[in-house]
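Just so you know, we're using the numbering used here here: the sequence shown kicks off at 104 and counts up by one.
Every residue, glycine too, gets a C-beta built ideally from N, C-alpha and C.
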Amino acid sequence: MTRFSDLGLSEPLLRAVESEGYETPTPVQLQSIPPLLAGKDVLGIAQTGTGKTAAFALPVLQAMTKERPQHKRRIRALVLSPTRELAAQIDERFGAYSTHLDVRHRVIFGGVKQGPQVRALQKGLDVLIATPGRLLDLIGQGYIDISHVEFFVLDEADRMLDMGFIRDIEKVLKLLPNKRQNLLFSATMPTTIASLASSFLRNAVTVDISPKEITVDRIEQHIMFTRKADKRRILVNIIENESVACGIVFTRTKHGANRLVKQLLQAGIESAAIHGNKSQGARTKALAGFKQGNIPILVATDIASRGIDVEGITHVFNYDLPNEPESYVHRIGRTARAGRSGVAYGFCDDSESGYLVGIQQLIGNEIPVIEDHQYHFENARPKPGQKPGKIKDPNAKKSSNSRRRSNNGRQGGRGQGGGGQSSQRRQSNGRNRGRASGGQGGRGSSGQRSGGQQGGSSQGRRNNRR
Ligand code: AMP
């Protein structure tokens, strides 16, 4: 077994890692740290939750302390991150890993006043973590000079492109010196990222931590087929019956997140939304309330959730199934952190069955279905041979009964991701039965429960009616 001390890290960094409680390096750390310490570029296919921040932060910090130039501090490492949350989290990690080092780091992002950021820049920094917009803004105002950067990290490159930052990245690249070490991390590797990577990485070592490896066994996954309009009722039932005290709900849109917060409040459940339209202050407040346990439910869109790293999340709800299969893996990875276990529920309506097919293809498994609940909607189940992607059946509602009959007749085998009826029934009648209804209470060893059981609640009983 390889230990951190086998990777060539300096003693102050090893001490910091130890006080963080890390016992062994994660795969991305094992594969990235040695080539980065040897001065190589790295192309990392990995996402949040794999330990990728330490994979780049530790070698960057080591480089910062090895050959410190005599003159005053100047920015020698630049980390670009797509969202404020992720940037703040990376900065927090730099703080933890550099406890025993004389390295100054700072995060800058938009949506807040620039004054304090400018003052920190004027005092001198070694490591700057930034979102692209504010970085270019402050470079334009003459407060930031990145011409001495020795280490450039582009984190979550696929999100950067999704969010339209490609021009900004190109501008930043033009301002960096030619001689530097580069690191690019991305959860996925579409051709756009591959060509971006080849435009600035040199002889890079590729480190591929594929999503399959991080769909950890500790996450108990379930799918529930339902009508769109019933999703919130299912959600409320599960939150109440399973006494969810720390759960995150993913919606597709910002508007959907806001609406759901209001609907949950009507049901007496407190929650907060976190998405790109919220001010930085509101996002920070929501996240802080959630982290401290004052708000039990966080409702988030994918982009805002990047980098949310809160320990003890017991439940992840895919209220809307994501249209990118990788996002599913990323979302459910919010739970089961740091050796804990967790539960992930996905609500699939009839417009999302194609997404489910794609997700199941990616993870290489069929997700067990819970159908023993009041809002089960058979027509949302993928059809045999259905292809991945959004395939909305315009006749879905009209012909649901006839289709169900014909599916029952012909599904001996299993369509792509669809799952034969009989095996699905077996799954839901076995270990999953009553889970969503609260009828069985206990979760066994794999679930983290934070509150008391409400197994016999009226919600549960109502939910059990079919
Ligand atoms: P990241 O993928 O960088 O966002 O890291 C995800 C979480 O894993 C963070 O909470 C880290 O503190 C934690 N972590 C990183 N490396 C290790 C490790 N080697 N052992 C245990 N936890 C780790």
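Identity of the residues DSSP links to residue i by a beta bridge
i: A98; result: In the structure as shown, the chain begins at 104 and stops at 569. Residue 98 is therefore absent and cannot be evaluated.
i: G449; result: I326 and N421
i: H208; result: V230
i: V308; result: V145
i: V275; result: Answer is none; V275 lacks a bridge partner.
Coarse secondary structure for residue i, derived from DSSP in three states
i: Y125; result: coil
i: S113; result: coil
i: D144; result: coil
i: S289; result: strand
i: I435; result: helix
i: G350; result: strand
i: A180; result: strand
i: D258; result: coil
i: T295; result: helix
i: Q244; result: coil
i: V472; result: strand
i: Q284; result: strand
i: S456; result: helix
i: E195; result: helix
i: M104; result: coil
i: I249; result: coil
i: M263; result: helix
i: A119; result: helix
i: F303; result: helix
i: V339; result: helix
i: H479; result: coil
i: T168; result: helix
i: I269; result: helix
i: I416; result: coil
i: S430; result: helix
i: R222; result: helix
i: Q395; result: coil
i: E188; result: helix
i: V215; result: coil
i: G154; result: coil
i: H358; result: helix
i: Q489; result: coil
i: S627; result: Residue coverage of the chain in this structure runs from 104 to 569, which leaves residue 627 outside it and unanswerable.
i: G461; result: helix
i: G371; result: coil
Cβ-based neighbour list, residue i, same chain, cut-off 6 Å, excluding 5 preceding and 5 following
i: S113; result: Q165
i: N306; result: none
i: P45; result: The shown model of the chain, from 104 to 569, leaves out residue 45, and the question about it has no answer.
i: G461; result: P428 and P491
i: G236; result: G213
i: I583; result: In the structure as shown, the chain starts at 104 and stops at 569, and residue 583 therefore has no counterpart that could be examined.
i: G449; result: I326, N421 and L424
i: C451; result: I326, F328, L424, L459 and A483
i: D333; result: Y478
i: K579; result: The structure shown has nothing for residue 579, since the chain only spans 104 to 569.
Same chain, Cβ closer than 8 Å to residue i, neighbours up to 5 away in sequence not counted
i: G392; result: A375 and I398
i: L368; result: S374
i: P219; result: none
i: C349; result: F393, G396, P399, V413, G415, I416, T417, H418 and S553
i: K603; result: Residue 603 is absent from the structure shown; the chain starts at 104 and stops at 569.
i: M104; result: T127
i: R178; result: Contrary to the premise, residue 178 reads as Ile rather than Arg in this sequence. Correct list, in chain order: L228, D229, V230, L231, I247, D248, I249, H251 and V252.
i: A389; result: A375, A376, I377, K381, I398 and L401
i: N281; result: none
i: K175; result: G227
Residues of its chain near residue i, where Cβ-Cβ distance is below 7 Å and the 5 sequence neighbours each way are ignored
i: H203; result: P115, R118 and A119
i: T295; result: L264
i: N361; result: A376
i: A190; result: S184, V210, F212, I232, A233 and T234
i: K226; result: none
i: Q132; result: G154, A157 and A158
i: N380; result: K357
i: Q134; result: V310
Contact test: residue i Cβ vs the ligand PLP heavy atom, cutoff 7 Å
i: Y200; result: Ligands in the displayed structure: the ligand AMP; the ligand PLP is not one of them.
Contact with chain D by residue i, beta-carbon distance below 8 Å
i: G245; result: Absent from the structure: chain D. Only one protein chain is present.
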